[in-house]
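Be aware that the sequence shown starts at 2, since it is given in this note's numbering, and climbs by one per residue.
Just so it is clear, CB atoms sit at the ideal spot from N, CA and C, and this is done for glycine as well.
This report refers to the structure that appears directly beneath it.
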Amino acid sequence: MPAFSSTHVIIAVLAVIAGVVLGWIVRGRRCAREKAAVNAGWQEQLEAQRLEHSRLVDQNKGLMEQVSQFQASNSDATKRSAKLAASLKEASARRDTLQRELADARDELESIVGEREQLEHDARDLSLTDNALKSALDEKDEKIFKLSRELESWHQRLPPLIARYRERNKEAERLEGMVESLTFDLAESREKIHGLESVLNSDETRVEALDPHTLPGRMDASNDTVSSTAIGAQVGVDTLRDDLKRIKGIGPAIEKTLNELGIFRLSQIAEMGEYDIDRVANKLRGFRSRIYREDWIGQARDLQDPPTDNDA
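In structure tokens form, the structure reads like this:
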């Protein structure tokens, strides 16, 4: 067995020390790379969070601007409705005045005609001179002619006033419909703003429902629970869609909301249960009592199965 000298021992110790130093250096470099990678990942996540926060802030500003526009439009519509109501009231008062004047003119005309007949009778009885009788008759005829012309003038002036009254009445009804639609859109925008503010103030991850029209192959995706009336609503929607506005109380905006909930047919409304009514009431706040009051279900059944001659 060969003997180990002190040189061999020193060389071995130096080799061990060199290995330890090299291992330490390699380990330090590897830790530095891992730390840099971790820092880069955190930096990317922070940057993504900042971008998302900026996007939500911009979206919130846009929604606030839309709310301001809706409020301005609502105010303008209210002012226009008030002006039209005042004009309508004025036209109604004017119409009543014209009707009274027309009635007075007719009474006066009848009185004059009777007076003329009486004069003719008196002229025959009293044997008045032809000149005096002619003068009196000419005067009365001229007065009758003037009154007849005035009567014709009133007849010509009344139809335009009545037509104007009807046009303003239609305009007022149209503006009332616009105010109702704008009020509904304003309430929906406020709910969206409230939801965005709650998301901004919380650290939770927001999961949104996907639009079924954006999915490949027309697949259906949603976070809502599918009700019995919504099953199969997407099958042939374009060809099996009913006009829900036929139901009294459902306008274009409400029909759009019902379509978003998967309700396209009158049969779906006719078969609605408590769960489906709750879904609609959660989407359209304050509409639960309105659904019962306006009897949407009964109207849908009547429109779906109209009465036949035998039933009558």
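- Straight across, the Cα-Cα distance linking R289 with N40 is about 53 angstroms.
- Contact between the region 88 to 105 and the region 160 to 172 is present: 3 or more CB-CB pairs across the two stretches fall below 8 angstroms.
- The Cβ neighbour count for A301, taken over all protein chains shown within 10 Å, is at least 16; the residue is labelled buried.
- Closest in C-alpha terms to F265, from the list A271, R242, D123, comes R242.
- Just so you know, the alpha carbons of V22 and A37 end up roughly 22 angstroms apart.
- Below 8 angstroms, enough C-beta pairs join the region 280 to 287 and the region 253 to 262 to call them touching: three or more.
- L162 and A92 have their C-alpha atoms spaced approximately 7 angstroms apart.
- When the beta-carbon positions are compared, L99 and R150 stay at least 8 angstroms from each other.
- Rounded to the nearest angstrom, the gap between the Cα atoms of E45 and Q72 is 40 angstroms.
- Per the coordinates, the alpha-carbon of G24 lies some 51 angstroms from the alpha-carbon of V58.
- Here the C-alpha atom of W297 lies approximately 47 angstroms from the C-alpha atom of R51.
- The Cβ-Cβ distance between K141 and E116 falls below 8 angstroms.
- With a 10 Å radius around the Cβ and a threshold of 16 neighbouring Cβ atoms, E174 comes out exposed.
- In the DSSP assignment, R107 falls within the unbroken alpha helix (DSSP H) covering 7 to 127.
- Beta-carbon to beta-carbon, T184 and N61 are separated by about 22 angstroms, too far to satisfy the 8 angstroms threshold.
- Of all alpha-carbon atoms in S55, Y293, M65, the one lying nearest the alpha-carbon of E189 is that of M65.
- For R95, the closest C-alpha among the options R191, C32, D126, P160 is that of P160.
- Annotation: E153 to E102 spans about 13 angstroms, alpha carbon to alpha carbon.
- CA-CA distance, A16 to S6, rounds to 16 angstroms.
- Across the structure, G299 and E272 are spaced so that their CA atoms are roughly 10 angstroms apart.
- The three-state reading of DSSP puts F288 in coil, since its state is none of H, G, I, E or B.
- In the three-state DSSP reduction, F146 falls in the helix class (H, G or I).
- For E261, the enclosing alpha helix (DSSP H) stretches over residues 253 to 261.
- Proximity to I292 across D303, L304, I270 peaks at I270, based on C-alpha coordinates.
- One Cα belongs to A133, the other to K84, and the distance between them is close to 58 angstroms.
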